[in-house]
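Residue numbers (my numbering): 4 to 172.
Read the structure below first, then the notes.
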């Protein structure tokens, strides 16, 4: 267990700390830690190796934030609005799963191995803007004079309308 119930209560900001719910807090801490281990199976080995000096504290911070989100909004409410006379106040909870147990994108980034990228990497396509290659014989330019249906205008060679055609150089 990376985070204790006492650690979470000590991290709590505000006067509404969930004292008296220590057993429930412990179960949610266990759930959060299992979620992290499922997504980052080598995290314990990385902590034990000592190669990332702040990793254990970062994991504790992430578990604390995950569980705190659950306790701050246990009903999973997206928005709450209250009116008292002429005064109105509202609170909007962020995230895709308000009140749910989840890892945010920034928390995932903090737990990734140094130098690794996320699951989705960016890429780019060089657009030539002119025909630099040969088109398939059935390539269509009906709807746009500067574009074609086989993709030669983009890549310099056919990338769409796949087929093994010896008629393209």
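The C-beta atom is built at its ideal place from N, Cα and C for all residues, glycine as well.
**Message:** Is it buried or exposed, residue 72, if we count other Cβ atoms within 10 angstroms and call 16 or more buried?
**Reply:** buried
**Prompt:** Counting only runs that start and end within the stretch 56-120, where is the alpha helix (DSSP H) found for 4 or more residues in a row?
**Reply:** 58-75 and 108-114
**Prompt:** Grouping DSSP H, G and I as helix and E and B as strand, with all else coil, what is residue 31?
**Reply:** helix
**Asked** To the nearest angstrom, how far is it from the Cα of residue 93 to the Cα of residue 87?
**Response** 12 Å
**Request:** Using the Cα positions of residue 84 and residue 103, report the straight-line distance between them to the nearest angstrom.
**Result:** 20 Å
**Prompt:** When the distance is taken between beta carbons, is residue 110 closer than 8 Å to residue 65?
**Reply:** yes
**Candidates 10, 52, 22 and 45: closest to residue 32 by CA position** = 10
**Request:** May I ask which residues mark the beginning and end of the alpha helix (DSSP H) holding residue 47?
**Result:** 46-52
**Message:** Need the endpoints of the alpha helix (DSSP H) that residue 9 sits in, please.
**Reply:** Note, residue 9: alpha helix (DSSP H), 8-14.
**Sequence-distant residues of its chain with Cβ nearer than 7 Å to residue 20 (five each side left out)** = 12
**Neighbourhood of residue 119 by C-beta distance below 8 Å, restricted to the same chain and skipping five residues each side** = none
**Message:** Within a Cβ cutoff of 6 Å, which residues of the same chain sit near residue 43, ignoring the five residues on either side of it in sequence?
**Reply:** 114
**Item:** Proximity of residue 40 and residue 46 at Cβ, strictly below 8 Å
**Value:** yes
**Asked** Just curious, the alpha helix (DSSP H) that residue 156 is in, first and last residue?
**Response** 155-158
**Message:** Tell me the rounded alpha-carbon separation between residue 162 and residue 63.
**Reply:** 48 Å
**Request:** Count the other CB atoms, across all protein chains shown, that sit within 10 Å of the CB of residue 156; report buried if there are 16 or more and exposed otherwise.
**Result:** buried
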